[in-house]
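Visitor:
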Amino acid sequence: MSDAAGLRNHLIALGEKPRILITRLSAIGDCVHSVPLVHALRDRFPDAHIAWATQNAAASLLSGLGGLDEVLVVRKDWLKSVAEIRRIRRELLCRQFDVALDIQSLTKSSAIAWLSGAKHRIGFAAPQGRELSLLLNNVRQPPQANHVVDRYLELLQPLGIHKPRVCFELPRYPDARRQVDAWLQPWLQQQPDDRRSFAVINPGAGWGSKVWPAERYTRVAQHLYQRHGVPSVVVWAGPEEHQWAQTIQRESDGSAWLAPQTSLPDLVELLRQCRLFVGSDTGPLHMAAAVNIPCVALFGPTSPERCGPYGSQHQVVTSPVRCEETSMRKAMDVMEGISTEAACAACDRLCESFGQDQAAA
Numbered sequence: 011m012s013d014a015a016g017l018r019n020h021l022i023a024l025g026e027k028p029r030i031l032i033t034r035l036s037a038i039g040d041c042v043h044s045v046p047l048v049h050a051l052r053d054r055f056p057d058a059h060i061a062w063a064t065q066n067a068a069a070s071l072l073s074g075l076g077g078l079d080e081v082l083v084v085r086k087d088w089l090k091s092v093a094e095i096r097r098i099r100r101e102l103l104c105r106q107f108d109v110a111l112d113i114q115s116l117t118k119s120s121a122i123a124w125l126s127g128a129k130h131r132i133g134f135a136a137p138q139g140r141e142l143s144l145l146l147n148n149v150r151q152p153p154q155a156n157h158v159v160d161r162y163l164e165l166l167q168p169l170g171i172h173k174p175r176v177c178f179e180l181p182r183y184p185d186a187r188r189q190v191d192a193w194l195q196p197w198l199q200q201q202p203d204d205r206r207s208f209a210v211i212n213p214g215a216g217w218g219s220k221v222w223p224a225e226r227y228t229r230v231a232q233h234l235y236q237r238h239g240v241p242s243v244v245v246w247a248g249p250e251e252h253q254w255a256q257t258i259q260r261e262s263d264g265s266a267w268l269a270p271q272t273s274l275p276d277l278v279e280l281l282r283q284c285r286l287f288v289g290s291d292t293g294p295l296h297m298a299a300a301v302n303i304p305c306v307a308l309f310g311p312t313s314p315e316r317c318g319p320y321g322s323q324h325q326v327v328t329s330p331v332r333c334e335e336t337s338m339r340k341a342m343d344v345m346e347g348i349s350t351e352a353a354c355a356a357c358d359r360l361c362e363s364f365g366q367d368q369a370a371a
């Protein structure tokens, strides 16, 4: 085994039609952060066969992604089933991959890379690489970049790809667009002519420690409507988030509207039509940034320098309450440190910048 630092004079040589496997199994936000790697691979290897192994949750988002030839879906609990392990190995071996890029660099993702039979299995060195990935991956790239998007692209260095363009381009989902328009447009038609641009508010998060109180989102929705004439669409996933979203709509004095349940493609097509996004560090935030929507990003236990919305057009609000990295998932009081006033001020800065952009145009 070797660290990629030792391969500066011995890069991995691939033909013009390599067969490439990407392993990033879970976390919607991290899957979005990995999209530029696909585009960079396609730029360098236009005739390559590029596949992505992921769990079912992200599959609908990745299907149709430009540059990606196929999405291989694995069950969340696949490592617990001998039959599933055998099935996956058969599926992977018949594709004859030359190289695997293990973005996640955990046991579950590196095991997929290893089962593929790829001669070159590129993952991260410690501390980004963890668990059995340090044994199963035979090329270990030292993590150096601060932001995860740039860090993931470092995995391409053993292939001779340095500082590629950063392209997030997500697929267009025509069926989802029609479905979203069917419920969105009637609501927009009910708004005054000067209030038909809208914000998307997402009160949910994958970790409880990233959740900001629903009543504060309510006040942000009221502020956007009263000061800037911008109504809000509140999105949600699952029963608990649905309750939070209902609370925001009910208490917002008509400034917020509850979206129906949305798939990931639905959400992308909704986000493409909005003016701004408000939410914490979770998948929908990074989906909004990927389709070039300005975001008010509320950060508590996680680092915006490492995993904030990518790009310069966003407003990041951080909590003054800090926590240890080892307790990020349990630090339930950190988000309480973000005041409604701070979030509203960030919304003001974005809305004022829209006015400046229109004046410049």
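Residue 371 in the working numbering sits at position 361 of the sequence shown, with consecutive numbering throughout.
Note that beta-carbon positions come from the ideal geometry of N, C-alpha and C, so glycine has one too.
Quick caveat: nothing in here was measured; it's all calculated off a predicted structure.
Using alpha carbons as the reference points, say which of V149, P46 and M345 lies closest to P223.
Guide: Taking the first residue of the sequence shown as 1, we reach residue 223 at position 213. The candidate whose alpha carbon is nearest that of P223 is M345.
Visitor: Check whether the segment 160-173 touches the segment 245-261, counting contact only when three or more Cβ pairs, one atom from each stretch, lie closer than 8 Å.
Guide: no
Visitor: Helix, strand or coil: which one does DSSP assign to V190?
Guide: Translated into the one-based positions of the sequence shown, residue 190 becomes position 180. Helix, per DSSP.
Visitor: Based on the DSSP secondary-structure assignment, which residues constitute the bridge partners of I122?
Guide: By 1-based counting over the sequence shown, the position of residue 122 is 112. DSSP lists no partner for I122.
Visitor: For A341, count neighbouring Cβ atoms within 10 angstroms of its own Cβ and tell me buried if that reaches 16, exposed if not.
Guide: Taking the first residue of the sequence shown as position 1, residue 341 is located at position 331. Its Cβ being crowded by 16 or more others within 10 Å, A341 is buried.
Visitor: Can you tell me whether G6 is helix, strand or coil according to DSSP?
Guide: Since the first residue shown for the chain is 11 and the last is 371, residue 6 is missing from the structure and cannot be characterised.
Visitor: Would you kindly work out how many angstroms separate the C-alpha atoms of S265 and Y227, rounded to a whole number?
Guide: Position 255 of the sequence shown, counted from the first residue, corresponds to residue 265. Position 217 of the sequence shown, counted from the first residue, corresponds to residue 227. Looking at the two C-alpha atoms, the distance is approximately 11 Å.
Visitor: Three or more C-beta pairs under 8 Å: does that hold for the segment 317-329 against the segment 295-305?
Guide: yes
Visitor: My output table needs one value for V331: the three-state DSSP class, helix, strand or coil.
Guide: Indexing the sequence shown from 1 puts residue 331 at position 321. DSSP places V331 in coil when its eight states are reduced to three.
Visitor: Taking DSSP as the reference, what is the three-state secondary structure of N302?
Guide: As a working mapping, residue 302 is identified with position 292 in the sequence shown. Here N302 sits in coil by DSSP.
Visitor: Measure the Cβ-Cβ separation of L234 and V240 and say whether it is below 9 Å.
Guide: As a first step, residue 234 must be located in the sequence shown, where it is residue number 224. As a first step, residue 240 must be located in the sequence shown, where it is residue number 230. Yes, the Cβ-Cβ distance between L234 and V240 is below 9 Å.
Visitor: L142 by DSSP, collapsed to three states: which one?
Guide: To locate residue 142, count along the sequence shown from 1; it is residue 132. In this structure, L142 counts as coil in the three-state DSSP scheme.
Visitor: Please go through the same chain and pick out, in chain order, the residues whose beta-carbon is closer than 7 Å to the beta-carbon of P314, but skip the five residues on each side of it.
Guide: In the sequence shown, residue 314 corresponds to position 304, counting from 1. Cβ neighbours of P314 beyond the five flanking positions: A307, V326 and T328.
Visitor: What is the C-beta distance between L72 and L102, in whole angstroms, given that I count them as a contact (C-beta under 8 Å)?
Guide: Within the sequence shown, residue 72 is the residue found at index 62, counting from 1. Within the sequence shown, residue 102 is the residue found at index 92, counting from 1. No, L72 and L102 are not in contact; Cβ-Cβ is about 17 Å, not under 8 Å.
Visitor: Quick check on the DSSP output: the beta strand (DSSP E) that includes A63 runs from which residue to which?
Guide: Counting from 1 along the sequence shown, the entry for residue 63 is found at position 53. That run of the beta strand (DSSP E) goes H59 to Q65.
Visitor: Could you tell me whether the Cβ atoms of H252 and V42 are closer together than 9 Å?
Guide: Numbered from 1 along the sequence shown, position 242 holds the residue referred to as residue 252. Numbered from 1 along the sequence shown, position 32 holds the residue referred to as residue 42. Against a cut-off of 9 Å, the Cβ pair of V42 and H252 comes out as no contact.
Visitor: Strictly by DSSP, which residues pair up with R206?
Guide: Against the sequence shown, residue 206 aligns to sequence position 196. Paired residue(s): none; R206 is not in a bridge.
Visitor: Taking just the CA atoms, how far does R100 sit from P330?
Guide: Position 320 of the sequence shown holds residue 330. Position 90 of the sequence shown holds residue 100. Cα-Cα distance, rounded: 50 Å.
Visitor: Would L82 pass as a contact of A67 if the rule is Cβ separation under 9 Å?
Guide: The residue you call residue 82 lines up with position 72 of the sequence shown. The residue you call residue 67 lines up with position 57 of the sequence shown. No, the pair does not count as a contact, with Cβ atoms beyond the cut-off.
Visitor: Which whole-angstrom value is the C-beta distance of W217 and R140, which I expect to be below 8 Å?
Guide: If you number the sequence shown from 1, residue 217 lands on position 207. If you number the sequence shown from 1, residue 140 lands on position 130. In fact, because the Cβ distance is near 18 Å, the residues do not count as touching under 8 Å.
Visitor: For the alpha helix (DSSP H) holding D112, just list the boundary residues, first then last.
Guide: For the purposes of this step, residue 112 is taken as residue 102 along the sequence shown, with counting starting at 1. Element bounds for D112: not the alpha helix (DSSP H) but the beta strand (DSSP E), V109 to D112.
Visitor: Is A317 near V158, with beta carbons less than 9 Å apart?
Guide: Working through the sequence shown from its first residue, we reach residue 317 at position 307. Working through the sequence shown from its first residue, we reach residue 158 at position 148. Sequence check: residue 317 is Cys here, not Ala. Against a cut-off of 9 Å, the Cβ pair of V158 and C317 comes out as a contact.
Visitor: From K86, N147 and Q283, pick the residue whose C-alpha is nearest to that of D191; which is it?
Guide: Locating residue 191 in the sequence shown gives position 181, counting from the first residue. Taking only the C-alpha atoms, the option nearest D191 is Q283.
Visitor: Ordered along the chain, which non-local residues of its own chain (more than five positions away) have a Cβ less than 6 Å from that of R54?
Guide: By 1-based counting over the sequence shown, the position of residue 54 is 44. The answer, listed in chain order, is I171.
Visitor: Leaving aside the five residues before and after G380 along the sequence, list all residues of the same chain whose C-beta is less than 8 Å from its C-beta, in chain order.
Guide: In this structure the chain extends from 11 to 371, so residue 380 is not present and cannot be described.
Visitor: Any idea which residues DSSP pairs W267 with across the strands?
Guide: Within the sequence shown, the letter at position 257 stands for residue 267. According to DSSP, which records beta bridges pairwise, W267 is partnered with V243.
Visitor: By the DSSP assignment, the alpha helix (DSSP H) with V48 in it spans what residues?
Guide: Translated into positions along the sequence shown, residue 48 becomes position 38. Its alpha helix (DSSP H) spans residues I38 to R54.
Visitor: Compute the Euclidean distance between the alpha carbons of F134 and I113, then round it to the nearest angstrom.
Guide: Taking the sequence shown and counting its residues from 1, the one referred to as residue 134 is at position 124. Taking the sequence shown and counting its residues from 1, the one referred to as residue 113 is at position 103. Taking the straight line from one Cα to the other gives about 8 Å.
Visitor: Please state whether the Cβ-Cβ distance between L163 and V109 is less than 9 Å.
Guide: Taking the first residue of the sequence shown as position 1, residue 163 is located at position 153. Taking the first residue of the sequence shown as position 1, residue 109 is located at position 99. Taking 9 Å as the Cβ cut-off, L163 and V109 do not qualify as a contacting pair.
Visitor: On the DSSP bridge assignment, give the partners of F309 in chain order.
Guide: Locating residue 309 in the sequence shown gives position 299, where the first residue counts as 1. Its beta-bridge partners are T328.
Visitor: My understanding is that R29 touches H49, with C-beta atoms under 8 Å, so please give their C-beta distance in whole angstroms.
Guide: Translated into the one-based positions of the sequence shown, residue 29 becomes position 19. Translated into the one-based positions of the sequence shown, residue 49 becomes position 39. That belief does not hold up - the Cβ atoms of R29 and H49 are roughly 18 Å apart, past 8 Å.
Visitor: In this structure, does DSSP put S70 in helix, strand or coil?
Guide: Taking the first residue of the sequence shown as 1, we reach residue 70 at position 60. In the structure shown, S70 sits in a helix (DSSP, three-state: H, G or I).
Visitor: Can you look up I211 in the DSSP assignment and give me helix, strand or coil?
Guide: Here residue 211 is taken as the residue at index 201 of the sequence shown, counted from 1. DSSP places I211 in strand when its eight states are reduced to three.
Visitor: For S44, which residues from the same chain have a beta carbon less than 6 Å from its beta carbon, with the 5 sequence-adjacent residues on both sides left out?
Guide: Numbered from its first residue, the sequence shown carries residue 44 at position 34. Hits under 6 Å: R34, I113 and Y162.
Visitor: Cutting at 8 Å between CB atoms, please list the residues of its own chain near Q65, excluding the five before and the five after it.
Guide: Reading the sequence shown from its first residue, position 55 is the one you call residue 65. Closer than 8 Å at the Cβ level, and outside the excluded window around Q65, lie L35, S36, V83, V84, R85 and K86.
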